Amino acid sequence: SEDVDDIIVEMQLSKEEVTLSQEAQEDFIAIKCNTEWTVSSSAEWCKLQTISGEAGTTKVYFDLSENITGADRECLLEFNVQDETGMVKLIQTFNRHEINVSANDTIFTFSPAEQGTYTISIDADWIEETANSTNSQFEFFVDNNISPDPRTGIISYHSGQSERMIEVIQEGFSESILADKSGMEKNAIQIASEMHLGWNLGNTLEATGGETAWGNPRATEELIVAVKEAGFNAVRIPCSWDQHIEDHSTHQIKASWLKRVQEVVGYCVENDIYAILNIHWDGGWLENNCTPEKQEENNIKQEAIWKQIALYFRDYDENLLFAGTNEPNVDNATQMSVLLSYEQTFIDAVRATGGRNAWRVLIFQGPSTDIDKTYTLMKTLPEDQVEGRLMAEVHYYTPWNFCGLTEDASWGKFYYFWGKDFHVQGAQGRYPDWNCEEDYVRSQFSKMKTQFVDNGIPVILGEYGAIRRSINDNAEWQQLHNESRAYFNKYITEQAKNYGLIPFYWDEGSLGNHGFGMFDRTNNNVGDQLLYEALTQGADAGKYPF
Numbered sequence: 121s122e123d124v125d126d127i128i129v130e131m132q133l134s135k136e137e138v139t140l141s142q143e144a145q146e147d148f149i150a151i152k153c154n155t156e157w158t159v160s161s162s163a164e165w166c167k168l169q170t171i172s173g174e175a176g177t178t179k180v181y182f183d184l185s186e187n188i189t190g191a192d193r194e195c196l197l198e199f200n201v202q203d204e205t206g207m208v209k210l211i212q213t214f215n216r217h218e219i220n221v222s223a224n225d226t227i228f229t230f231s232p233a234e235q236g237t238y239t240i241s242i243d244a245d246w247i248e249e250t251a252n253s254t255n256s257q258f259e260f261f262v263d264n265n266i267s268p269d270p271r272t273g274i275i276s277y278h279s280g281q282s283e284r285m286i287e288v289i290q291e292g293f294s295e296s297i298l299a300d301k302s303g304m305e306k307n308a309i310q311i312a313s314e315m316h317l318g319w320n321l322g323n324t325l326e327a328t329g330g331e332t333a334w335g336n337p338r339a340t341e342e343l344i345v346a347v348k349e350a351g352f353n354a355v356r357i358p359c360s361w362d363q364h365i366e367d368h369s370t371h372q373i374k375a376s377w378l379k380r381v382q383e384v385v386g387y388c389v390e391n392d393i394y395a396i397l398n399i400h401w402d403g404g405w406l407e408n409n410c411t412p413e414k415q416e417e418n419n420i421k422q423e424a425i426w427k428q429i430a431l432y433f434r435d436y437d438e439n440l441l442f443a444g445t446n447e448p449n450v451d452n453a454t455q456m457s458v459l460l461s462y463e464q465t466f467i468d469a470v471r472a473t474g475g476r477n478a479w480r481v482l483i484f485q486g487p488s489t490d491i492d493k494t495y496t497l498m499k500t501l502p503e504d505q506v507e508g509r510l511m512a513e514v515h516y517y518t519p520w521n522f523c524g525l526t527e528d529a530s531w532g533k534f535y536y537f538w539g540k541d542f543h544v545q546g547a548q549g550r551y552p553d554w555n556c557e558e559d560y561v562r563s564q565f566s567k568m569k570t571q572f573v574d575n576g577i578p579v580i581l582g583e584y585g586a587i588r589r590s591i592n593d594n595a596e597w598q599q600l601h602n603e604s605r606a607y608f609n610k611y612i613t614e615q616a617k618n619y620g621l622i623p624f625y626w627d628e629g630s631l632g633n634h635g636f637g638m639f640d641r642t643n644n645n646v647g648d649q650l651l652y653e654a655l656t657q658g659a660d661a662g663k664y665p666f
């Protein structure tokens with residue numbers, strides 16, 4: 121037989137270079153040879169299924185692991201036949217890195233394998249590059265996923281002709297977890313007793329058209345700190361949601377809006393201020409429709425919105441309270457029954473999410489947040505599975521002629537003055553001619569004490585106040601009006617506390633004529649010193665009965 125060393129070697133390889141994607145995979149190179157051969161791999165990440173063969177045509181299979189290096193990589197397959205060598209270059213690209221994150225908001229970093237100057241684009245509004253990113257290490261914030269379904273976002277980063285991607289896979293949120301009492305030790309009475317004086321961030325997050333649409337600047341932490349330093353340790357945050365829904369078939373709220381609301385809530389709780397977050401007027405979808413015809417539809421929407429809010433804010437401690445509505449319009453027993461169903465839906469939706477929400481203090485509203493209607497119509501209260509974690513809410517703008525009426529109406533004139541010592545001579549018709557002053561305030565607040573406070577349910581006086589009025593042609597009346605307005609606000613604040621109502625002054629940001637505002641939001645200073653002194657003096661003088 122012929123000696124093998126005398127054979128003229130004939131070797132053909134199917135390819136000299138192969139480019140493969142970054143995923144783990146199997147592939148092959150075909151070799152046609154007229155004698156025995158061997159093959160070896162230069163890289164651990166390329167495993168050969170066979171390392172030798174006989175004469176003939178053979179497929180040499182290899183297994184590639186996933187490329188997670190952050191850059192392309194190369195491997196050489198070396199075929200040897202006697203003294204002959206054949207080389208095949210394998211190039212495994214890298215263009216997508218997969219990162220898995222939890223449903224809770226989180227921060228992750230990623231370092232590209234290749235140094236360079238990168239530009240970033242992100243296709244998901246729940247992912248945001250932070251200010252801590254550098255060219256050698258990117259940092260990204262991932263927002264809460266309040267859906268039970270996982271979601272995927274792509275981060276693309278470019279340098280010259282090179283484009284890479286990070287695939288962020290966020291797991292779905294658990295809709296219900298075990299109750300967690302950590303940070304939730306105080307009941308409603310204990311929390312109420314710590315609320316010295318409350319303030320409304322009015323005409324801001326509830327503004328139709330966006331946060332600044334009603335003339336106020338964006339809320340800042342500096343404003344909230346100024347509010348705290350002025351002596352207010354509780355902030356009510358009126359908030360709209362309906363105008364920020366991106367899918368009306370599911371009532372899905374935009375992630376960007378949830379995040380913005382979270383920022384404002386954070387300004388409060390991170391500065392040790394109690395925060396109340398509600399669904400405000402919100403276009404009136406619920407508040408103007410406490411009717412049997414809308415009951416089923418609105419309960420579905422109420423549950424969907426509150427489920428999302430509750431999940432998003434579930435990890436916050438007892439400094440955050442939820443309020444189910446704002447001023448639901450109710451005039452009779454039938455409408456009252458519908459309102460109770462809306463409030464029950466709110467409570468059940470929050471409690472069902474578990475965690476700290478199982479213990480969170482929740483606030484239900486009286487019909488129209490009107491004291492007389494509440495006392496007369498609210499004979500049944502919404503039920504709660506935990507004891508001592510509910511508050512009620514009413515508002516007080518009585519008489520409206522003094523508190524808010526800007527021009528004479530068919531049913532009455534507007535008032536400049538209020539209070540037994542402010543029945544100004546010659547000003548008949550510009551102060552009350554019916555019983556709605558000091559005695560009336562105490563009588564009204566006494567009803568709430570009897571109905572709720574004496575039964576272990578504190579009452580949020582969620583809004584109250586009186587507008588300032590310009591009396592340009594009478595300096596004496598102007599001074600008396602200013603003093604009367606201050607007296608009203610001091611008296612309401614003091615008596616509210618005396619009867620177990622927690623006072624939250626209505627500040628809508630306006631310091632001009634017909635405005636309620638106290639803070640100047642352009643510089644975060646007190647803009648109405650007389651009003652400020654009245655509120656703080658009233659809060660200091662009042663004493664809760666619990």
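So the number in the numbering used here is just where the residue sits in the sequence shown, counting from 1, plus 120.
Heads up, the beta-carbon is just placed ideally off N, CA and C, and yes, glycines get one too.
Please read these numbers as outputs of a predicted model, since none were measured by experiment.
Given this structure, state the Cα-to-Cα distance separating E407 from E463, to the nearest angstrom. 12 Å
In chain order, what residues of the same chain lie with their CB nearer than 6 Å to the CB of F608, ignoring the 5 residues before and after it? Excluding sequence neighbours, F608 sits near W538 and A586.
Enumerate in chain order the residues of its own chain whose CB-to-CB distance from E465 is below 7 Å, with the five nearest sequence positions on each side excluded. Checking the displayed sequence, the identity of residue 465 turns out to be Thr instead of Glu. Around T465: N419, Q422 and E423.
Count the CB pairs spanning the region 487–498 and the region 544–554 that are closer than 8 Å, and state whether there are at least three. Cβ pair count under 8 Å is below three, so no.
Contacts around F522, its chain only, beta-carbon distance under 6 Å, and the 5 residues preceding and following it disregarded: Y535, W538 and A586
Does the distance from the CB of L620 to the CB of F666 come in under 8 Å? Reading off the sequence shown, one finds Gly at residue 620, where the question assumed Leu. In this structure, F666 lies closer than 8 Å to G620 by Cβ.
According to DSSP, is A150 part of a helix, a strand, or is it coil? Strand at A150.
Can you tell which of F542, S267, K617 and N645 has its C-alpha closest to the C-alpha of E596? F542
For Q415, which residues of its own chain have a beta-carbon under 7 Å away from its beta-carbon, when the five flanking residues on both sides are left out? V458 and S461
Could you give the distance in angstroms between the alpha-carbon of E413 and the alpha-carbon of N336? 37 Å
For Q615 and G582, believed in contact at Cβ under 8 Å, the rounded distance: Not quite, the Cβ-Cβ distance comes to about 16 Å (not below 8 Å), so this is no contact.
Which two residues bound the contiguous beta strand (DSSP E) that contains Q455? Counting along the chain, Q455 falls outside any beta strand (DSSP E), though it belongs to the alpha helix (DSSP H) covering A453 to A472.
Would you call N592 buried or exposed, if buried means 16 or more other Cβ atoms sit within 10 Å of its Cβ? exposed
Pull the bridge partners of K209 from the DSSP assignment, please. E137 and L196.
Sort G176, T177, G173 and Y181 by Cα distance to K167 and report the nearest one. Y181
Cα-Cα separation between L133 and Q145, rounded to whole angstroms: Rounded to whole angstroms, L133 and Q145 show a C-alpha spacing of 21 Å.
Work out the CA separation of V355 and C410 for me, nearest whole Å. 27 Å
Decide if the region 272–279 is in contact with the region 199–214; the criterion is three or more beta carbon pairs, one per stretch, under 8 Å apart. no
Using only alpha-carbon positions, find the residue among I128, S241, F352 and W246 that is nearest to Y432. W246
Sequence-distant residues of the same chain with beta carbon closer than 6 Å to Q649, five excluded per side: none
Just the Cα atoms here: how many angstroms apart are R434 and V138? 52 Å
By a C-beta neighbour count over all protein chains shown, 10 Å radius and 16 as the cutoff for buried, is Q599 buried or exposed? exposed
Using a Cβ distance threshold of 8 Å, determine whether the region 297–304 contacts the region 466–475, with at least three qualifying pairs required. yes
Exposed or buried, Q485, counting other C-beta atoms within 10 Å across all chains shown (16 or more means buried)? buried
Within the region 502–527, note down every full alpha helix (DSSP H) run reaching 4 residues or more, in order along the chain. List check, alpha helix (DSSP H) in window: 520–523.
Starting from P623, trace the beta strand (DSSP E) in both directions and tell me its first and last residue. L621 to Y625 is the extent of the beta strand (DSSP E) around P623.
Taking C-alpha atoms, which residue in Y238, E557, E259 and T239 lies nearest to E248? E259
Evaluate contact between the region 637–653 and the region 329–346, counting only Cβ atoms and requiring at least three cross-stretch pairs below 8 Å. yes
Just tell me which of F636, I219, G629 and S630 has its CA closest to the CA of A606. F636
Just verifying my parser: in three-state terms, what is the DSSP assignment at M568? The three-state reading of DSSP puts M568 in helix, counting H, G and I together.
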